[in-house]
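Notes for the one structure printed next.
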Amino acid sequence: MSSGEETIPRLGATGDPNDPAEAAGLPDRSARFTISRDVEPLPPELAGAVVALGNFDGVHRGHRALIDAVREEARRFVPRRPAAALTFEPHPRAYFAPDQPMFRLTGPAAKEIVFARLGLDGLIERRFDAELAGTSPADFVHGLLLKTLGLSGVVIGHDFHFGRGRTGTPAILADLCAAAGLACRIVSPVSPEPGQPPISSSAIRAALGAGAVAAANALLGYRWFVLGTVRHGEKRGRELGFPTANLALDSCGLAHGIYAVRVRLPDGTLHDGVASYGRRPTFDDGAPLLETYLFDFSGDLYEREIAVEFVDFIRGEERFASAGALVARMHVDAAEARALLVGDTVASMLG
(Lines of atoms letter the chains of each structure in order from A and count residues from 1; the text may use other names and numbers.)
(Lines give C-alpha, C1' and ligand atoms only; values in the text may rest on other atoms or scores of the structure.)
Protein backbone atom coordinates (compact mmCIF):
# COMPACT_ATOMS: atom_id res chain seq x y z
CA MET A 1 0.00 0.00 0.00
CA SER A 2 1.25 3.45 -0.71
CA SER A 3 1.05 6.91 0.75
CA GLY A 4 0.87 10.23 -0.99
CA GLU A 5 -1.61 12.74 -2.26
CA GLU A 6 -4.88 11.55 -3.73
CA THR A 7 -7.10 13.71 -5.86
CA ILE A 8 -10.62 13.90 -4.47
CA PRO A 9 -13.60 15.68 -6.08
CA ARG A 10 -14.14 19.20 -4.77
CA LEU A 11 -14.88 19.08 -1.08
CA GLY A 12 -16.47 21.52 1.30
CA ALA A 13 -19.13 24.18 1.21
CA THR A 14 -20.19 25.71 -2.08
CA GLY A 15 -20.93 29.27 -1.03
CA ASP A 16 -24.59 28.76 -1.88
CA PRO A 17 -26.73 29.68 1.18
CA ASN A 18 -29.29 27.10 0.02
CA ASP A 19 -26.71 24.30 0.07
CA PRO A 20 -27.17 22.04 3.14
CA ALA A 21 -23.39 21.70 3.37
CA GLU A 22 -23.03 25.46 3.63
CA ALA A 23 -25.75 25.63 6.27
CA ALA A 24 -24.00 22.87 8.23
CA GLY A 25 -20.77 24.86 8.29
CA LEU A 26 -18.62 22.32 6.46
CA PRO A 27 -15.18 23.82 5.79
CA ASP A 28 -14.00 24.52 2.27
CA ARG A 29 -11.25 22.17 1.12
CA SER A 30 -8.78 21.92 -1.68
CA ALA A 31 -8.67 18.76 -3.79
CA ARG A 32 -5.61 17.34 -1.94
CA PHE A 33 -5.75 14.85 0.89
CA THR A 34 -2.76 12.77 1.97
CA ILE A 35 -3.13 9.16 3.14
CA SER A 36 -0.47 7.08 4.89
CA ARG A 37 -1.17 3.41 5.56
CA ASP A 38 0.42 0.45 7.31
CA VAL A 39 4.03 0.69 8.51
CA GLU A 40 5.46 3.08 5.93
CA PRO A 41 7.04 6.34 7.16
CA LEU A 42 4.90 9.43 7.07
CA PRO A 43 5.10 11.39 3.81
CA PRO A 44 6.45 14.97 4.02
CA GLU A 45 2.91 16.34 3.75
CA LEU A 46 2.10 14.87 7.19
CA ALA A 47 5.43 15.42 8.95
CA GLY A 48 4.97 16.70 12.49
CA ALA A 49 1.20 16.35 12.30
CA VAL A 50 -1.27 17.00 15.08
CA VAL A 51 -3.74 14.11 15.05
CA ALA A 52 -7.22 13.27 16.25
CA LEU A 53 -6.84 9.78 17.67
CA GLY A 54 -9.59 7.15 17.66
CA ASN A 55 -11.66 4.61 15.72
CA PHE A 56 -14.12 7.20 14.36
CA ASP A 57 -16.81 4.75 13.29
CA GLY A 58 -19.43 6.96 11.70
CA VAL A 59 -17.36 10.14 12.04
CA HIS A 60 -20.35 11.66 13.83
CA ARG A 61 -20.92 15.06 15.44
CA GLY A 62 -18.97 14.06 18.53
CA HIS A 63 -16.03 13.08 16.33
CA ARG A 64 -16.36 16.35 14.48
CA ALA A 65 -15.63 18.18 17.74
CA LEU A 66 -12.29 16.34 17.83
CA ILE A 67 -11.61 17.21 14.20
CA ASP A 68 -12.40 20.89 14.79
CA ALA A 69 -10.09 20.79 17.83
CA VAL A 70 -7.20 19.18 15.94
CA ARG A 71 -7.43 21.79 13.19
CA GLU A 72 -7.35 24.49 15.87
CA GLU A 73 -4.37 22.91 17.65
CA ALA A 74 -2.45 22.56 14.37
CA ARG A 75 -2.83 26.31 13.81
CA ARG A 76 -1.24 27.07 17.19
CA PHE A 77 2.15 25.94 15.91
CA VAL A 78 4.48 28.21 13.96
CA PRO A 79 4.71 27.17 11.25
CA ARG A 80 1.30 25.52 11.17
CA ARG A 81 1.35 21.73 11.46
CA PRO A 82 -0.69 19.33 9.31
CA ALA A 83 -4.01 18.31 10.89
CA ALA A 84 -4.81 14.62 10.45
CA ALA A 85 -6.70 11.65 11.88
CA LEU A 86 -4.87 8.61 13.26
CA THR A 87 -6.95 5.46 13.17
CA PHE A 88 -6.47 1.70 13.08
CA GLU A 89 -7.55 -1.22 10.89
CA PRO A 90 -9.08 -3.63 11.51
CA HIS A 91 -11.37 -2.11 14.10
CA PRO A 92 -10.16 -3.40 17.51
CA ARG A 93 -13.55 -4.98 18.18
CA ALA A 94 -13.26 -6.95 14.94
CA TYR A 95 -9.69 -7.95 15.83
CA PHE A 96 -10.58 -9.32 19.26
CA ALA A 97 -13.82 -10.99 18.12
CA PRO A 98 -13.32 -11.88 14.43
CA ASP A 99 -16.21 -14.36 14.43
CA GLN A 100 -18.76 -11.80 15.61
CA PRO A 101 -20.23 -9.71 12.77
CA MET A 102 -19.77 -5.98 13.32
CA PHE A 103 -22.00 -3.34 11.78
CA ARG A 104 -19.51 -0.65 10.75
CA LEU A 105 -21.04 2.71 9.99
CA THR A 106 -18.08 3.85 7.90
CA GLY A 107 -15.43 1.63 6.37
CA PRO A 108 -11.95 2.93 5.50
CA ALA A 109 -12.94 4.41 2.13
CA ALA A 110 -15.93 6.25 3.59
CA LYS A 111 -13.78 7.63 6.41
CA GLU A 112 -11.36 9.08 3.88
CA ILE A 113 -14.21 10.94 2.21
CA VAL A 114 -15.59 12.35 5.46
CA PHE A 115 -12.21 13.31 6.93
CA ALA A 116 -11.33 15.21 3.78
CA ARG A 117 -14.72 16.92 3.73
CA LEU A 118 -14.25 18.04 7.33
CA GLY A 119 -11.06 19.89 6.49
CA LEU A 120 -8.28 17.55 7.56
CA ASP A 121 -5.01 17.45 5.65
CA GLY A 122 -4.74 13.70 5.78
CA LEU A 123 -5.29 10.30 7.33
CA ILE A 124 -2.74 8.08 9.08
CA GLU A 125 -3.95 4.49 9.19
CA ARG A 126 -2.01 1.86 11.08
CA ARG A 127 -2.62 -1.86 11.42
CA PHE A 128 -4.17 -3.09 14.66
CA ASP A 129 -2.41 -6.38 15.37
CA ALA A 130 -1.08 -8.44 18.28
CA GLU A 131 1.95 -6.21 18.68
CA LEU A 132 -0.10 -3.04 18.93
CA ALA A 133 -2.72 -4.71 21.15
CA GLY A 134 0.05 -5.68 23.58
CA THR A 135 1.76 -2.29 23.66
CA SER A 136 1.97 -0.56 27.04
CA PRO A 137 0.57 2.97 27.32
CA ALA A 138 4.11 4.36 27.68
CA ASP A 139 5.37 2.53 24.58
CA PHE A 140 2.28 3.64 22.66
CA VAL A 141 3.18 7.28 23.29
CA HIS A 142 6.98 7.15 23.15
CA GLY A 143 7.27 4.41 20.52
CA LEU A 144 4.38 4.96 18.11
CA LEU A 145 3.30 8.57 18.50
CA LEU A 146 6.70 10.16 19.08
CA LYS A 147 9.45 7.94 17.63
CA THR A 148 7.68 6.21 14.72
CA LEU A 149 5.25 8.92 13.63
CA GLY A 150 7.02 12.03 14.91
CA LEU A 151 3.79 13.76 15.86
CA SER A 152 3.53 17.24 17.35
CA GLY A 153 0.34 16.65 19.31
CA VAL A 154 -2.79 14.57 19.82
CA VAL A 155 -6.47 15.27 20.41
CA ILE A 156 -8.68 12.61 22.03
CA GLY A 157 -12.20 12.17 23.31
CA HIS A 158 -13.14 12.00 26.97
CA ASP A 159 -13.60 8.21 26.84
CA PHE A 160 -10.52 7.25 24.81
CA HIS A 161 -8.63 4.17 26.03
CA PHE A 162 -5.45 2.69 24.61
CA GLY A 163 -2.62 0.27 25.26
CA ARG A 164 -2.56 -3.27 26.60
CA GLY A 165 -5.92 -4.20 28.10
CA ARG A 166 -7.21 -0.66 27.47
CA THR A 167 -5.30 0.42 30.55
CA GLY A 168 -4.41 3.80 29.09
CA THR A 169 -6.89 6.54 30.04
CA PRO A 170 -7.17 10.16 28.88
CA ALA A 171 -5.43 11.30 32.08
CA ILE A 172 -2.58 8.83 31.57
CA LEU A 173 -2.19 9.91 27.94
CA ALA A 174 -2.08 13.57 28.97
CA ASP A 175 0.66 12.86 31.54
CA LEU A 176 2.71 10.77 29.10
CA CYS A 177 2.40 13.40 26.39
CA ALA A 178 3.46 16.16 28.78
CA ALA A 179 6.56 14.18 29.72
CA ALA A 180 7.33 13.52 26.04
CA GLY A 181 6.81 17.11 24.95
CA LEU A 182 3.69 16.34 22.92
CA ALA A 183 0.69 18.64 22.95
CA CYS A 184 -2.44 16.87 24.21
CA ARG A 185 -6.05 18.04 24.27
CA ILE A 186 -9.03 16.16 25.67
CA VAL A 187 -12.40 17.03 24.13
CA SER A 188 -15.62 16.93 26.14
CA PRO A 189 -18.56 14.78 24.97
CA VAL A 190 -21.15 16.21 22.59
CA SER A 191 -24.86 15.66 23.24
CA PRO A 192 -27.75 16.24 20.80
CA GLU A 193 -29.44 18.45 23.40
CA PRO A 194 -28.53 19.52 26.95
CA GLY A 195 -29.19 16.72 29.40
CA GLN A 196 -29.21 14.00 26.76
CA PRO A 197 -26.62 11.18 26.54
CA PRO A 198 -23.50 11.89 24.47
CA ILE A 199 -23.62 11.08 20.77
CA SER A 200 -22.11 7.65 20.13
CA SER A 201 -21.57 5.23 17.28
CA SER A 202 -23.63 2.67 19.21
CA ALA A 203 -26.63 5.01 19.32
CA ILE A 204 -26.38 5.57 15.57
CA ARG A 205 -26.18 1.83 14.87
CA ALA A 206 -29.26 1.33 17.04
CA ALA A 207 -31.14 4.05 15.16
CA LEU A 208 -30.31 2.57 11.76
CA GLY A 209 -31.22 -0.88 13.04
CA ALA A 210 -34.66 0.48 13.89
CA GLY A 211 -35.05 2.23 10.52
CA ALA A 212 -34.76 5.66 12.17
CA VAL A 213 -32.63 7.14 9.40
CA ALA A 214 -33.57 10.75 10.15
CA ALA A 215 -32.52 10.30 13.78
CA ALA A 216 -29.24 8.65 12.75
CA ASN A 217 -28.51 11.44 10.28
CA ALA A 218 -29.17 14.05 12.98
CA LEU A 219 -26.52 12.40 15.18
CA LEU A 220 -24.08 12.06 12.30
CA GLY A 221 -24.59 15.61 11.04
CA TYR A 222 -24.86 14.35 7.47
CA ARG A 223 -26.67 11.71 5.41
CA TRP A 224 -25.41 8.23 6.26
CA PHE A 225 -24.02 6.60 3.13
CA VAL A 226 -22.59 3.33 1.90
CA LEU A 227 -20.11 2.62 -0.89
CA GLY A 228 -20.13 -0.45 -3.08
CA THR A 229 -19.62 -1.98 -6.50
CA VAL A 230 -22.79 -2.65 -8.49
CA ARG A 231 -23.21 -6.39 -8.97
CA HIS A 232 -25.28 -8.45 -11.37
CA GLY A 233 -28.51 -9.80 -9.94
CA GLU A 234 -31.53 -11.70 -11.14
CA LYS A 235 -32.61 -8.76 -13.38
CA ARG A 236 -36.00 -9.10 -11.72
CA GLY A 237 -36.32 -5.36 -11.15
CA ARG A 238 -35.88 -4.68 -14.85
CA GLU A 239 -38.64 -7.16 -15.65
CA LEU A 240 -40.92 -5.35 -13.19
CA GLY A 241 -40.18 -1.93 -14.67
CA PHE A 242 -37.85 -0.88 -11.83
CA PRO A 243 -34.25 -1.66 -12.86
CA THR A 244 -31.99 -1.51 -9.82
CA ALA A 245 -28.33 -1.06 -8.97
CA ASN A 246 -27.54 -3.85 -6.50
CA LEU A 247 -24.97 -3.70 -3.69
CA ALA A 248 -24.04 -6.42 -1.20
CA LEU A 249 -23.38 -4.77 2.18
CA ASP A 250 -21.06 -6.57 4.57
CA SER A 251 -22.47 -7.17 8.08
CA CYS A 252 -24.94 -4.31 7.69
CA GLY A 253 -27.35 -3.82 10.59
CA LEU A 254 -29.69 -1.50 8.71
CA ALA A 255 -33.38 -2.32 9.19
CA HIS A 256 -34.85 -4.18 6.25
CA GLY A 257 -37.24 -1.98 4.34
CA ILE A 258 -37.71 0.77 1.77
CA TYR A 259 -35.78 4.05 1.84
CA ALA A 260 -35.65 7.41 0.07
CA VAL A 261 -32.06 7.76 -1.15
CA ARG A 262 -29.65 9.83 -3.17
CA VAL A 263 -27.00 8.14 -5.31
CA ARG A 264 -23.62 9.53 -6.33
CA LEU A 265 -22.33 7.99 -9.57
CA PRO A 266 -18.68 7.65 -10.65
CA ASP A 267 -19.01 10.73 -12.88
CA GLY A 268 -19.96 12.82 -9.83
CA THR A 269 -23.62 13.26 -10.73
CA LEU A 270 -26.24 12.90 -8.00
CA HIS A 271 -29.52 11.09 -8.60
CA ASP A 272 -32.61 10.70 -6.45
CA GLY A 273 -34.01 7.24 -5.96
CA VAL A 274 -35.78 4.68 -3.84
CA ALA A 275 -34.01 1.65 -2.37
CA SER A 276 -34.95 -1.68 -0.84
CA TYR A 277 -32.67 -3.36 1.67
CA GLY A 278 -33.57 -6.89 2.62
CA ARG A 279 -34.12 -10.48 1.56
CA ARG A 280 -36.85 -10.07 -1.12
CA PRO A 281 -39.46 -12.21 0.72
CA THR A 282 -41.91 -12.06 -2.21
CA PHE A 283 -39.40 -14.02 -4.31
CA ASP A 284 -36.54 -15.87 -2.65
CA ASP A 285 -35.72 -14.80 0.93
CA GLY A 286 -32.08 -14.67 -0.13
CA ALA A 287 -29.06 -12.93 1.35
CA PRO A 288 -29.63 -9.25 2.23
CA LEU A 289 -29.11 -6.95 -0.73
CA LEU A 290 -29.43 -3.21 -1.30
CA GLU A 291 -31.42 -2.67 -4.51
CA THR A 292 -31.65 0.95 -5.65
CA TYR A 293 -33.90 2.33 -8.36
CA LEU A 294 -32.64 5.67 -9.72
CA PHE A 295 -35.32 8.07 -10.88
CA ASP A 296 -35.12 9.30 -14.48
CA PHE A 297 -31.87 7.43 -15.18
CA SER A 298 -30.82 5.15 -17.99
CA GLY A 299 -27.38 3.60 -18.15
CA ASP A 300 -25.15 0.64 -17.31
CA LEU A 301 -23.69 0.73 -13.79
CA TYR A 302 -22.49 -2.87 -13.52
CA GLU A 303 -19.05 -3.18 -11.88
CA ARG A 304 -19.04 0.56 -11.15
CA GLU A 305 -18.63 1.95 -7.64
CA ILE A 306 -21.47 4.11 -6.38
CA ALA A 307 -22.38 5.81 -3.11
CA VAL A 308 -25.91 5.58 -1.72
CA GLU A 309 -27.05 8.19 0.83
CA PHE A 310 -30.02 7.37 3.03
CA VAL A 311 -32.48 10.22 3.51
CA ASP A 312 -35.51 8.65 5.20
CA PHE A 313 -37.33 5.41 5.95
CA ILE A 314 -40.57 4.69 4.08
CA ARG A 315 -41.77 1.28 5.30
CA GLY A 316 -40.62 -2.12 6.46
CA GLU A 317 -39.99 -5.11 4.23
CA GLU A 318 -43.17 -6.96 3.24
CA ARG A 319 -44.16 -10.18 1.49
CA PHE A 320 -46.68 -9.60 -1.32
CA ALA A 321 -49.15 -12.11 -2.73
CA SER A 322 -48.02 -11.49 -6.30
CA ALA A 323 -45.49 -9.60 -8.40
CA GLY A 324 -48.32 -7.34 -9.54
CA ALA A 325 -49.16 -6.36 -5.96
CA LEU A 326 -45.49 -5.62 -5.34
CA VAL A 327 -45.24 -3.41 -8.44
CA ALA A 328 -48.32 -1.44 -7.38
CA ARG A 329 -46.73 -0.78 -4.00
CA MET A 330 -43.40 0.13 -5.61
CA HIS A 331 -45.11 2.95 -7.48
CA VAL A 332 -46.47 4.24 -4.17
CA ASP A 333 -43.03 3.93 -2.56
CA ALA A 334 -41.39 5.83 -5.42
CA ALA A 335 -43.89 8.67 -5.13
CA GLU A 336 -43.34 8.88 -1.37
CA ALA A 337 -39.57 8.86 -1.85
CA ARG A 338 -39.78 11.75 -4.31
CA ALA A 339 -41.82 13.76 -1.79
CA LEU A 340 -39.38 13.06 1.04
CA LEU A 341 -36.39 14.00 -1.10
CA VAL A 342 -37.89 17.37 -2.01
CA GLY A 343 -37.93 18.31 1.67
CA ASP A 344 -34.45 16.99 2.48
CA THR A 345 -32.11 19.60 4.01
CA VAL A 346 -29.46 17.34 5.57
CA ALA A 347 -25.84 17.95 4.56
CA SER A 348 -24.00 15.53 2.28
CA MET A 349 -20.41 14.36 2.62
CA LEU A 350 -20.21 13.48 -1.05
CA GLY A 351 -19.73 17.00 -2.42
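Numbering (the numbering used here) for the sequence shown: 36 to 386. In this text, a Cβ means the ideal position worked out from N, Cα and C, and glycines have one as well. Note that this is a predicted model, so its numbers are computed, not measured.
**OP:** Report yes if the CB atom of phenylalanine 163 is closer than 8 Å to the CB atom of proline 136, and no otherwise.
**Re:** Within the sequence shown, residue 163 is the residue found at index 128, counting from 1. Within the sequence shown, residue 136 is the residue found at index 101, counting from 1. Taking 8 Å as the Cβ cut-off, phenylalanine 163 and proline 136 do not qualify as a contacting pair.
Original post:
Based on the DSSP secondary-structure assignment, which residues constitute the bridge partners of phenylalanine 348?
Top reply: By 1-based counting over the sequence shown, the position of residue 348 is 313. Per DSSP, Tyr294.
Original post:
If you draw a straight line from the alpha carbon of serine 311 to that of aspartate 210, how long is it in whole angstroms?
Top reply: Mapped onto the sequence shown, residue 311 falls at position 276. Mapped onto the sequence shown, residue 210 falls at position 175. Roughly 50 Å between the two C-alpha positions.
**OP:** Within the segment 185 to 251, note down every full alpha helix (DSSP H) run reaching 4 residues or more, in order along the chain.
**Re:** 205 to 215 and 236 to 244
**OP:** Consult DSSP for alanine 58 and reduce its assignment to one of helix, strand or coil.
**Re:** Your numbering for residue 58 matches position 23 in the sequence shown. Note that alanine 58 has pLDDT 43, beneath the 50 cutoff, so the model's placement of it is unreliable and no number is given.
**OP:** Have a look at Arg339, Gly178, Arg67 and Leu289 and flag the residue whose alpha-carbon is nearest the alpha-carbon of leucine 243.
**Re:** Taking the sequence shown and counting its residues from 1, one reaches residue 243 at position 208. Among Arg339, Gly178, Arg67 and Leu289, the Cα nearest to that of leucine 243 is on Leu289.
Original post:
When the Cα atoms are used, what is the spatial distance from glycine 313 to arginine 299?
Top reply: Translated into positions along the sequence shown, residue 313 becomes position 278. Translated into positions along the sequence shown, residue 299 becomes position 264. If I take the Cα positions, the gap works out to 21 Å.
Original post:
Between the Cα of alanine 100 and the Cα atoms of Val190, Ile148 and Arg161, which residue gives the shortest distance?
Top reply: For the purposes of this step, residue 100 is identified with residue 65 of the sequence shown, where counting begins at 1. Closest by alpha carbon: Val190.
**OP:** Taking valine 362 as part of the alpha helix (DSSP H), name the residues at either end of that continuous run.
**Re:** For this step, residue 362 is matched to residue 327 along the sequence shown. Unbroken alpha helix (DSSP H) run through valine 362: 358 to 377.
Subject >> Inter-residue CB distance, alanine 264 and glutamate 166 (contact presumed, cutoff 8 Å) >> reply: As a working mapping, residue 264 is identified with position 229 in the sequence shown. As a working mapping, residue 166 is identified with position 131 in the sequence shown. In the sequence as presented, alanine is not what sits at residue 264; that position holds threonine. Contact doesn't hold; Cβ gap of about 33 Å is too wide.
**OP:** Could you pull out every unbroken beta strand (DSSP E) segment of at least 3 residues lying fully inside the segment 94 to 141, listed in chain order?
**Re:** 118 to 124
**OP:** Confirm the yes/no value for this check: CB of alanine 215, any heavy atom of the ligand NAD, distance under 7 Å.
**Re:** Within the structure as shown, the ligand NAD is missing, as the structure has no ligands at all.
**OP:** Measure the alpha-carbon distance for phenylalanine 123 versus arginine 364 and round it to whole angstroms.
**Re:** Translated into positions along the sequence shown, residue 123 becomes position 88. Translated into positions along the sequence shown, residue 364 becomes position 329. Cα to Cα, the separation comes out at about 44 Å.
Original post:
Which of helix, strand or coil does DSSP assign to arginine 72?
Top reply: The residue you call residue 72 lines up with position 37 of the sequence shown. In the structure shown, arginine 72 sits in a strand (DSSP, three-state: E or B).
**OP:** Give the range of the alpha helix (DSSP H) segment to which phenylalanine 150 is assigned.
**Re:** By one-based count along the sequence shown, residue 150 stands at place 115. Counting along the chain, phenylalanine 150 sits inside the alpha helix (DSSP H) bounded by residues 143 to 152.
Original post:
Three or more C-beta pairs closer than 8 Å, one from the segment 253 to 267 and one from the segment 344 to 351: is that the case here?
Top reply: Taking 8 Å as the limit for Cβ pairs, the verdict is that the segment 344 to 351 does touch the segment 253 to 267.
**OP:** Taking proline 306 as the reference, give the member of Phe138, Thr279 and Asn90 with the closest Cα.
**Re:** By one-based count along the sequence shown, residue 306 stands at place 271. According to the sequence shown, residue 306 is histidine rather than proline. Selected option, being the one with the closest Cα: Thr279.
Original post:
Counting pairs of Cβ atoms below 8 Å between the segment 194 to 214 and the segment 167 to 175, do you hit three or more?
Top reply: yes
Subject >> Straight-line Cα distance separating arginine 315 from glutamate 353 >> reply: Numbered from 1 along the sequence shown, position 318 holds the residue referred to as residue 353. Numbered from 1 along the sequence shown, position 280 holds the residue referred to as residue 315. Each residue's Cα considered, the two are about 8 Å apart.
Original post:
Between which two residues does the alpha helix (DSSP H) harbouring alanine 280 extend?
Top reply: Along the sequence shown, read from residue 1 onward, the residue named residue 280 stands at position 245. It is not in any alpha helix (DSSP H) - alanine 280 instead sits in the beta strand (DSSP E) that spans 280 to 282.
Original post:
Looking at histidine 366 and isoleucine 234, is the spacing between their C-beta atoms short of 8 Å?
Top reply: Within the sequence shown, numbered from 1, the residue matching residue 234 stands at position 199. Within the sequence shown, numbered from 1, the residue matching residue 366 stands at position 331. Taking 8 Å as the Cβ cut-off, isoleucine 234 and histidine 366 do not qualify as a contacting pair.
**OP:** Let me know if alanine 356 comes out buried or exposed under the rule of 16 or more other beta-carbons within 10 Å of its beta-carbon.
**Re:** Reading the sequence shown from its first residue, position 321 is the one you call residue 356. It counts as exposed.
Original post:
Taking just the CA atoms, how far does glycine 198 sit from glycine 268?
Top reply: Walking along the sequence shown from the start, residue 268 turns up at place 233. Walking along the sequence shown from the start, residue 198 turns up at place 163. Straight through space, the alpha carbons of glycine 198 and glycine 268 are spaced by roughly 45 Å.
**OP:** Identify whether aspartate 307 lies in helix, strand or coil by the three-state DSSP scheme.
**Re:** What you label residue 307 is simply residue 272 of the sequence shown in a count that begins at 1. If DSSP states are grouped into helix, strand and coil, aspartate 307 belongs with the strands.
Original post:
Within this structure, are the beta carbons of glycine 83 and arginine 116 separated by less than 8 Å?
Top reply: The residue labelled residue 83 in the question sits at position 48 within the sequence shown. The residue labelled residue 116 in the question sits at position 81 within the sequence shown. Going by C-beta atoms, glycine 83 is nearer than 8 Å to arginine 116.
Original post:
Going straight from the alpha carbon of glycine 378 to that of aspartate 103, what length do you get?
Top reply: Against the sequence shown, residue 378 aligns to sequence position 343. Against the sequence shown, residue 103 aligns to sequence position 68. Looking at the two C-alpha atoms, the distance is approximately 29 Å.
Original post:
Does the separation of the CB atoms of arginine 373 and phenylalanine 330 fall below 8 Å?
Top reply: To locate residue 373, count along the sequence shown from 1; it is residue 338. To locate residue 330, count along the sequence shown from 1; it is residue 295. Yes, the Cβ-Cβ distance between arginine 373 and phenylalanine 330 is below 8 Å.
**OP:** Can you tell me which of the three DSSP states arginine 273 falls into?
**Re:** As a working note, residue 273 is residue 238 in the sequence shown. Helix.
Original post:
Buried or exposed: which applies to aspartate 156, given that a residue is buried once 16 or more other Cβ atoms fall within 10 Å of its Cβ?
Top reply: Indexing the sequence shown from 1 puts residue 156 at position 121. With 16 or more other Cβ atoms within 10 Å, it is buried.
Original post:
Can you list, in chain order, the residues of its chain whose CB lies under 7 Å from that of phenylalanine 277, leaving out five sequence neighbours each side?
Top reply: Locating residue 277 in the sequence shown gives position 242, where the first residue counts as 1. Correct list, in chain order: Tyr328 and Met365.
Original post:
In whole angstroms, what separates the C-alpha of valine 149 from that of methionine 384?
Top reply: For the purposes of this step, residue 149 is taken as residue 114 along the sequence shown, with counting starting at 1. For the purposes of this step, residue 384 is taken as residue 349 along the sequence shown, with counting starting at 1. So the alpha carbons of these two residues sit roughly 6 Å apart.
Original post:
Could you give the distance in angstroms between the alpha-carbon of asparagine 281 and the alpha-carbon of arginine 110?
Top reply: Numbered from 1 along the sequence shown, position 246 holds the residue referred to as residue 281. Numbered from 1 along the sequence shown, position 75 holds the residue referred to as residue 110. Roughly 44 Å between the two C-alpha positions.
**OP:** Can you tell me which of the three DSSP states histidine 177 falls into?
**Re:** As a position in the sequence shown, residue 177 is number 142, starting the count at 1. Helix, per DSSP.
**OP:** Express the C-alpha separation of arginine 350 and tyrosine 294 in angstroms, rounding to a whole number.
**Re:** Numbered from its first residue, the sequence shown carries residue 294 at position 259. Numbered from its first residue, the sequence shown carries residue 350 at position 315. Between the C-alpha atoms of tyrosine 294 and arginine 350 there is a straight-line separation of about 7 Å.
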